[in-house]
Amino acid sequence: MVQIRCCDILMKSRRRVIQALIANAIAIIIITVMPLEAHSQYTSQSSLIQNKKVFINGTGIGGVGTTFNKVVLLSFDDNLKGDFVYAKPILDKYGFKATFFIICNKTGISGTARFLNRTNWQDIAAMQKDGMDIQSHTMNHRHLNHLSANALDFEVDGSKQCLANHGYHATTFAYPYNEGSNNATVVNAVAKYYSMARSGTEPLMFLHCNGYKKQPQKDCRTYLPYGKLTYANRYAVRSLSFDVDEIKNSFNNAAIFVDFIKVVNSQNKYNSGGIINAIPPITFHDVDLATNQPYITNVDLFDQLMKYLHDNGFKILTMANLGYN
Ligand SMILES: [Zn+2]
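Per the numbering used here, the sequence shown starts with residue 77, numbered consecutively.
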């Protein structure tokens, strides 16, 4: 792997670059993917950054000279059929893109029981054709902390290969059950094949990884000098599984909507003047006609949530819009 020594330059100019990106300027960002072993000697600051792609390719929002202080990153786990049938048309309506994390061995299965209907490869192709970001969520959705080395490799590398066999270049991984980002064996396996991984349990991802009061850290390095994994890093991009919020609110749509507004606006005190320091990454599972069911977001509620984002000028990102310097 060729290492490009761009980090010092990026550190000095990060503020200026992000401002420039947000203003839709053509700026060059080189994302260095360093081998994991290098992290223990990695003394300069590191952070997740917003990749230029969203601003150059555009999501249909904003224009030159606009400054954005409000962004949301959307992702969907488990390739459930409702994500294609119900969520995608709503995303299309508002010009939004999202990341879809695919369980490779579960594509195309169908049945009457909950969670038995999954998107097939034709659905996934149609999503990517319309600009959706397709990434890996393992082969079989197993608990990664308890696997043999071979089985772990099959879930992590196997799913990358499986996606590659269907024409998708996965660079981001999502941990099943939110397990693994604090386990060096799992993180090292993930780091061999992916440049980032998404985990859970936080409503905000701080791009400099420095906003977690209970888990203080100064930057996004993966390991501390004595070898302990950090809480937030490129293999632990924190997100909120919105299903947890829906369960907490007993599927009361009005209460869920109020909470959603709180979550997506919690970034306000960290972002200003077009400089983004914190992003709420929201994870959904199924979007479907059902109500009152865990891990299914009702389609009318989902439309209401997306409409709020649209009408209030939020810029929508996918995992592909994040990079790591
Ligand atoms: Zn999952």
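Backbone N, C-alpha and C define an ideal beta-carbon position, used for all residues, glycine too.
- Contact residues of ligand 1 (beta-carbon closer than 6 Å to any heavy atom; chain order) are 153, 154, 213, 217 and 252.
- Going by beta carbons, residue 257 and residue 263 fall inside the 8 Å limit.
- Residue 191 places its beta carbon 8 Å or farther from that of residue 153.
- The beta carbons of residue 175 and residue 183 sit about 16 Å from each other, so the pair does not count as a contact at 8 Å.
- For the options 290, 283 and 199, the alpha carbon positioned closest to that of residue 297 is the one of 283.
- Contact check for residue 364 and residue 372: beta-carbon distance about 5 Å, within the 8 Å limit, so the pair qualifies.
- Annotated three-state conformation of residue 186 is coil, per DSSP.
- Contact check for residue 248 and residue 231: beta-carbon distance about 15 Å, past the 8 Å limit, so the pair fails to qualify.
- If only uninterrupted beta strand (DSSP E) runs of at least 3 residues are considered, those enclosed by the segment 335-366 are 357-360 and 362-364.
- In this structure, DSSP gives residue 236 a helical state, which the three-state scheme calls helix.
- Here residue 211 is bridged, per DSSP, to 177.
- For residue 386, the CB contacts under 6 Å within the same chain, skipping 5 residues up- and downstream, are 170 in chain order.
- In this structure, the beta-carbon distance from residue 211 to residue 163 does not fall below 8 Å.
- Residue range 147-153 is occupied by the beta strand (DSSP E) that includes residue 153.
- Under the three-state reduction of DSSP, residue 277 is assigned to coil, being neither helix nor strand.
- Of the candidates 325, 374 and 281, the residue whose Cα lies closest to the Cα of residue 357 is 281.
- Shown here, residue 193 sits in coil according to DSSP, grouped into three states, outside any helix or strand.
- Within a 10 Å sphere around the beta-carbon of residue 361 sit 16 or more other beta-carbons, which makes this residue buried.
- Here residue 261 carries a helix assignment [DSSP, helix/strand/coil].
- For residue 156, no alpha helix (DSSP H) segment is defined, and its DSSP state is neither H nor E.
- Around the beta carbon of residue 266, 16 or more other beta carbons sit within 10 angstroms, so the residue counts as buried.
- For the set 350, 165 and 317, the Cα lying nearest the Cα of residue 335 is the one of 317.
- In the DSSP assignment, residue 249 falls within the unbroken beta strand (DSSP E) covering 248-250.
- Residue 399 has 125 as its beta-bridge partners, per DSSP.
- Here residue 312 carries a strand assignment [DSSP, helix/strand/coil].
- In this structure, residue 315 lies near residue 278, with their beta-carbon atoms less than 8 Å apart.
- Between the beta-carbon of residue 145 and that of residue 342 there is about 13 Å, and that puts the pair past the 8 Å contact cut.
- Residue 374 sits in a strand when the DSSP states are folded into three classes.
- Residue 300 and residue 160 have their C-alpha atoms roughly 40 Å apart.
- Your pair residue 221 and residue 181 does not check out as a contact, with CB atoms roughly 19 Å apart and the cut at 8 Å.
- Residue 185 sits away from residue 217, with the two beta carbons spaced by 8 Å or more.
- With a beta-carbon spacing of about 6 Å, residue 122 and residue 401 fall inside the 8 Å limit used to define contacts.
- Look at residue 391 here: in three-state DSSP terms it is strand.
- Here residue 321 is actually not in contact with residue 370; their C-beta atoms are around 11 Å apart, not less than 8 Å.
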